[in-house]
Amino acid sequence: MASVRESDTSLWLHNKLGSPDELWTPAGVVSLLSKDVVQNIEGCFRSLSSPVKLKLLLGVLHLPRRTVDEIKTALNVILTLAQNDSDSWVQMIASIIKTYPESGSLNLELEDQSPNAQNVLIDLKEKVSDCDSSTMLPLECQYLNKSALTTLVGPLAPPIKHFQLRRKPKSAALRAELLQKCESCLFRVTIYFAAFHFCHVSCALCFGAFEVYSMLSSLTMNDTSKSVKVGSPPNQVEPTSSFSHHPTSCHNCCPTSIHFNFVTLSLIGL
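Position one of the sequence shown corresponds to residue 1 (full-length UniProt numbering), numbered consecutively onward.
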């Protein structure tokens, strides 16, 4: 029965943690590592694949401290098995977190214990030595303000100018400003001539209407000159023309249009 339970746990862990798309253990692994599951892992740890073992060991760091205290014994057994594993990376990760269940801290003294750690440190030292040491500052420098940083490491070298932007000459800006003013002036002149033309047409229409009215008035006077007012002497003829009451100029004939033209000119500022 125990072997069946261990095989089921092994298959279940491969389904949950065996995805090659996720190389790091997500924080959601906490919900998987219950007390019963960790106890079953003791019997099937050797049958797990190396990626699942690594994710399982890194998932221990996501567990709350109370859960770690509850399953401390089972975790120590798993870490002991991992330190004797055939995979060197599983051994190194187990060596780093072997002190975590007891003290809550990590073991970082790995130079004499793991050949992988030694190789990684050698590669890092080579990479760092290839860099310019003047650009590498201590970690505490990120907490200093500008004056304190200058006091500690001295003034920083100014950045190197690899290129210089070419700015437009002043004549180009002046030319653009003049073109803008010319366009504005041309727009004003166009509006002025349009308003002037409208005024001229309005005046012409007023004069035409006045001429037509004059002709009609003269015809009316000729037709009514023969009419005699009732009760007046026979030879007395009263003209029926009211010519004096009608406009005699285009200003009096169409004052609304003239007023509109002046308002238009005043609005455009001319």
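Idealized CB from N, CA, C, for every residue including glycine.
>> Which residue marks the beginning of the alpha helix (DSSP H) containing Arg66, and which one marks its end?
In response: Arg65 to Glu70
> Pick from Lys181, Glu102, Val90 and Leu48: whose alpha carbon is nearest that of Ser10?
Replying inline: Taking only the C-alpha atoms, the option nearest Ser10 is Leu48.
>> I believe Leu144 touches Leu152 by the beta-carbon criterion, under 8 Å. Please report the beta-carbon distance rounded to the nearest angstrom.
In response: The pair is a contact, with the Cβ atoms about 7 Å apart (cut-off 8 Å).
>> Quick check on the DSSP output: the alpha helix (DSSP H) that includes Cys44 runs from which residue to which?
In response: Start and end: Lys35 to Cys44.
>> Considering only their Cβ atoms, is the gap separating Ala74 from residue 304 smaller than 7 Å?
In response: This structure cannot speak to residue 304, because the chain is shown only from 1 to 270.
> What three-state label does DSSP hand Ser10 in the structure shown?
Replying inline: helix
> Expressed to the nearest angstrom, what Euclidean distance is found between the alpha-carbon atoms of Ala209 and Met215?
Replying inline: 10 Å
> Are the CB atoms of Ser50 and Val77 nearer to each other than 7 Å?
Replying inline: no
> Exposed or buried, which one is Ile122 when buried takes at least 16 other CB atoms within 10 Å?
Replying inline: exposed
> Taking C-beta to C-beta, are residue 273 and Val60 nearer than 7 Å?
Replying inline: Lying outside 1 to 270, the shown extent of the chain, residue 273 is not represented and no answer is given.
>> Rounded to whole angstroms, what is the Cα-Cα separation between Arg188 and Arg175?
In response: 20 Å
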